[in-house]
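Enquirer: Before I ask anything, let me first share the structure, which is written out below as structure tokens.
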Amino acid sequence: MTLQLRTITKRFDGRRGAPTQEVLRDVELTVGSGEFVSLIGHSGCGKSTLLNVVAGLLEPDGGAVVLDGEMVDGPGPDRAVVFQNYSLLPRLSLLANVREAARAAHPQRRRRNDELAERYLTAVGLWEHRDKRPHEVSGGMQQRTAVARAFAVEPRILLLDEPFGALDALTRARLQLELLELWQSESSTETVLMVTHGIEEAIYLADRIVVMGGPPGPSIVEEIPVPLARPRNRAELIDEPGYHHVYDQLMQLLAAEDVSFN
Amino acid sequence: MTPPQTASLVDRQAADQLPAPPVLAPVAPAPERAPGRSARRARELVTSALFSLLGMACLVALWTVVAWRSPDLPTPIEAWQSFTDLVSSPFHDSGPNDRGIGLQLLTSIGRVFRGFGLAVLVGVPFGLFIGTSKRAWQAANPVIQLLRPVSPLAWFPIGLVVLKDSPQAAVFVIFITALWPIVINTAAGASSIPADQRNVARVFQFGRLAYVRHVVVPHTVPSTITGLRLSMGVAWMVIVAVEMLSGGSGIGFFVWDSYNGGNLGNVISAIVLIGLVGVVLDSVFVRLDRRYAAGGSV
Numbered sequence: 004m005t006l007q008l009r010t011i012t013k014r015f016d017g018r019r020g021a022p023t024q025e026v027l028r029d030v031e032l033t034v035g036s037g038e039f040v041s042l043i044g045h046s047g048c049g050k051s052t053l054l055n056v057v058a059g060l061l062e063p064d065g066g067a068v069v070l071d072g073e074m075v076d077g078p079g080p081d082r083a084v085v086f087q088n089y090s091l092l093p094r095l096s097l098l099a100n101v102r103e104a105a106r107a108a109h110p111q112r113r114r115r116n117d118e119l120a121e122r123y124l125t126a127v128g129l130w131e132h133r134d135k136r137p138h139e140v141s142g143g144m145q146q147r148t149a150v151a152r153a154f155a156v157e158p159r160i161l162l163l164d165e166p167f168g169a170l171d172a173l174t175r176a177r178l179q180l181e182l183l184e185l186w187q188s189e190s191s192t193e194t195v196l197m198v199t200h201g202i203e204e205a206i207y208l209a210d211r212i213v214v215m216g217g218p219p220g221p222s223i224v225e226e227i228p229v230p231l232a233r234p235r236n237r238a239e240l241i242d243e244p245g246y247h248h249v250y251d252q253l254m255q256l257l258a259a260e261d262v263s264f265n
Numbered sequence: 003m004t005p006p007q008t009a010s011l012v013d014r015q016a017a018d019q020l021p022a023p024p025v026l027a028p029v030a031p032a033p034e035r036a037p038g039r040s041a042r043r044a045r046e047l048v049t050s051a052l053f054s055l056l057g058m059a060c061l062v063a064l065w066t067v068v069a070w071r072s073p074d075l076p077t078p079i080e081a082w083q084s085f086t087d088l089v090s091s092p093f094h095d096s097g098p099n100d101r102g103i104g105l106q107l108l109t110s111i112g113r114v115f116r117g118f119g120l121a122v123l124v125g126v127p128f129g130l131f132i133g134t135s136k137r138a139w140q141a142a143n144p145v146i147q148l149l150r151p152v153s154p155l156a157w158f159p160i161g162l163v164v165l166k167d168s169p170q171a172a173v174f175v176i177f178i179t180a181l182w183p184i185v186i187n188t189a190a191g192a193s194s195i196p197a198d199q200r201n202v203a204r205v206f207q208f209g210r211l212a213y214v215r216h217v218v219v220p221h222t223v224p225s226t227i228t229g230l231r232l233s234m235g236v237a238w239m240v241i242v243a244v245e246m247l248s249g250g251s252g253i254g255f256f257v258w259d260s261y262n263g264g265n266l267g268n269v270i271s272a273i274v275l276i277g278l279v280g281v282v283l284d285s286v287f288v289r290l291d292r293r294y295a296a297g298g299s300v
């Protein structure tokens, strides 16, 4: 599984006569099989836009998204998304949210979809809450359901859009761990592309961190590999010299990007 | 209260739920507080009932003053006489010019239900259609905007010509009356589906049927219920007017017939009964709305 972004350009038309805004310019990125890549940058740098282009929710104005040699044209079940605001369907139970997504993505295999829904809802520890509606459970449980939903469609690549940004620190840490466990388990999902604004989160989870810069010239500023062996232990991580090296690099890059720092 | 534990895979969802409030003090004050609170609630109930009665009393007082100035208008006591006479035999049927008030009301309710039911059958699917298709909306919107402000009574002659039957034409007028609020509110609901729900449907490739069933309909139901409630309210108002035109039967005919017979007491009694039926009809939709908001199905 290889994901290639070739000179992606995206512009948004200004509202009420405001000038057209370029949010992505000539973005080039290759994500290899089994890789976990984090996109990091300040708000407005286009990282979520880039993720939406990969998801097929937005059409690029220039360039192409290529998945295993095939041009991406619109959304598809090979790329599942975990949205920032959970985005569960409010009238469906947690189980139905997972199951209906699996059925929609793979309409021809009904029994397997039900098995997958059960397996992943169990894996995120929500099987006993399966009949509850989203508003009846906490934000953490909703996002867990969204993660289970994404894995249950067996995507080739998992796209995460600041998935844990709205959660408290403890819940976030637990969900990060669960995400890694699911990703490294027997699931068919090998590759993860995650948008985040958390430096620690990016280092803890990713093999490679892609730093994006905002306008002018909105594009990739730097790619930083994370030289930390897996499985990673969060508590021991901060004692590793590699961790601090990456952390300092990221801080410098992000500070240089932030206009208010200069 | 369980003490906080380190995160393990087993208890993670338990720890994730809202914690129980800490028990800081023994629950001793509760039995003391309980009677005080219920007494306060009872007093509030009595006070609000008194003010409701006060409003009614003001109305009756005003009426008495007007009746004193204009002798043809029955006083509240005379009207009460007519009212008790009317409701003492509501379902008698001694020919077309002497039917019980209950029968007249049932006739009108039946017409409203038929017209309203037709409007639901046509209006809900049509509203969903124009709410989800931009082109259909562009085609339908001018027609709706043109016809919506027209008094439904203006459709009565058209109903008469096409259906060649006066009671049927009345049902047709109710159908037209009820149609617009249902169509407009359903379309508004269907066209305002949140972007994240649409994105979910796109990412997971929901088919047309699954999209309508799991995204469009659940999101649209509350505004459709609002539309149904508005429709029923207007339909119940219009039926009185249209039966004055169509004649023969129904509560509107009864009002007009009583006026022509000089029986204003019957007119006032009918007004009260029409109001009561309207309150009951409206409460059905309020209850429906609450039930859906609480998570029930409709």
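Protein sequence lines, in the order shown, are assigned to chains A and B.
Be aware that the first sequence starts at 4, since it is given in this note's numbering, and climbs by one per residue.
Be aware that the second sequence starts at 3, since it is given in this note's numbering, and climbs by one per residue.
Glycine included, every Cβ here is placed at the ideal spot set by N, Cα and C.
(1) Name the residues in the stretch 126-138 of chain B whose C-beta lies less than 9 Å from a C-beta of chain A; which are they?
(2) Between the C-alpha atoms of ASP71 of chain A and PRO78 of chain A, what's the straight-line distance to the nearest angstrom?
(3) Answer yes or no: do ALA197 of chain B and SER248 of chain B have a C-beta to C-beta separation smaller than 7 Å?
(4) Please name the residue or residues paired with ILE227 of chain A in a DSSP beta bridge.
(5) By DSSP's criteria, ILE3 of chain A is part of a beta bridge. Which residues make up the other side?
(6) Assuming SER46 of chain A contacts HIS200 of chain A under a Cβ cut-off of 8 Å, what Cβ separation, rounded to an integer in Å, is found between them?
(7) Between the Cα of SER135 of chain B and those of B:GLY235, B:ARG150, B:THR109, B:GLY191, spot the shortest distance and give me the residue it belongs to.
(8) Which residue marks the beginning of the beta strand (DSSP E) containing ASP164 of chain A, and which one marks its end?
(9) For GLY254 of chain B versus VAL185 of chain B, is the C-beta distance shorter than 7 Å?
(10) Would you list, in sequence order, the uninterrupted alpha helix (DSSP H) runs of no fewer than 4 residues that lie entirely inside the stretch 43-99 of chain B?
(11) At which residue ranges does the stretch 81-157 of chain A contain complete beta strand (DSSP E) runs of 3 or more residues, listed in the order of the chain?
(12) Buried or exposed: HIS216 of chain B, going by 16 or more other Cβ atoms within 10 Å of its Cβ?
(13) Measuring only between beta-carbons, confirm whether PRO78 of chain A sits less than 7 Å from chain B.
(14) Closer than 7 Å between beta carbons: that is the criterion. Which residues of the stretch 202-218 of chain B meet it against chain A?
(15) Spell out whether any CB of chain A is found under 7 Å from the CB atom of PRO98 of chain B.
(16) Please report how far the alpha carbon of ILE43 of chain A lies from the alpha carbon of ALA237 of chain B, in whole angstroms.
(17) Which two residues bound the contiguous alpha helix (DSSP H) that contains SER248 of chain B?
(18) According to DSSP, is ARG19 of chain A helix, strand or coil?
(19) Just to make sure I have the definition right: I need the residues of chain B whose C-beta is within less than 9 Å of the C-beta of VAL84 of chain A. Which are they?
(20) Among residues of its own chain, excluding the 5 on either side of THR52 of chain A, which ones have a beta-carbon nearer than 7 Å to its beta-carbon?
(21) Helix, strand or coil for PRO31 of chain B, going by three-state DSSP, please let me know.
(22) Grouping DSSP H, G and I as helix and E and B as strand, with all else coil, what is LEU173 of chain A?
(23) From the DSSP output, in three-state form, read off GLY277 of chain B for me.
(24) Going by CA-CA distance only, name the one from A:VAL40, A:PRO22, A:GLN24 that's closest to GLU225 of chain A.
(25) Excluding the 5 residues flanking HIS138 of chain A on each side, which residues of the same chain have their C-beta closer than 8 Å to its C-beta?
(26) For ASN88 of chain A, would you say it is in contact with chain B, using Cβ-to-Cβ distances shorter than 7 Å as the test?
(27) Could you say which of A:LEU256, A:ALA205, A:TYR246, A:ASN55 lies nearest to GLY217 of chain A if we only look at CA atoms?
Expert: Answer, in terms of the structure:
(1) none
(2) 15 Å
(3) no
(4) A:ILE212
(5) Outside the displayed span of chain A (4 to 265) sits residue 3 of chain A, for which this structure offers no information.
(6) 7 Å
(7) Between SER135 of chain B and the set B:GLY235, B:ARG150, B:THR109, B:GLY191, the nearest pair of CA atoms involves B:GLY191.
(8) 160-164
(9) no
(10) 78-90
(11) 82-85
(12) buried
(13) yes
(14) VAL202, ARG204, VAL205, PHE206, GLN207, PHE208, GLY209, ALA212, HIS216, VAL217
(15) no
(16) Computed Cα separation, rounded: 58 Å.
(17) Counted as a single uninterrupted DSSP element, the alpha helix (DSSP H) harbouring SER248 of chain B occupies residues 219-248.
(18) coil
(19) ASN201, VAL202, VAL205, PHE206
(20) LYS13, VAL26, LEU27, LEU61
(21) Its pLDDT being 48, under 50, PRO31 of chain B is placed unreliably by the model, and the measurement read from it follows with that caveat. DSSP places PRO31 of chain B in helix when its eight states are reduced to three.
(22) helix
(23) helix
(24) A:VAL40
(25) PRO93
(26) yes
(27) It is A:LEU256.
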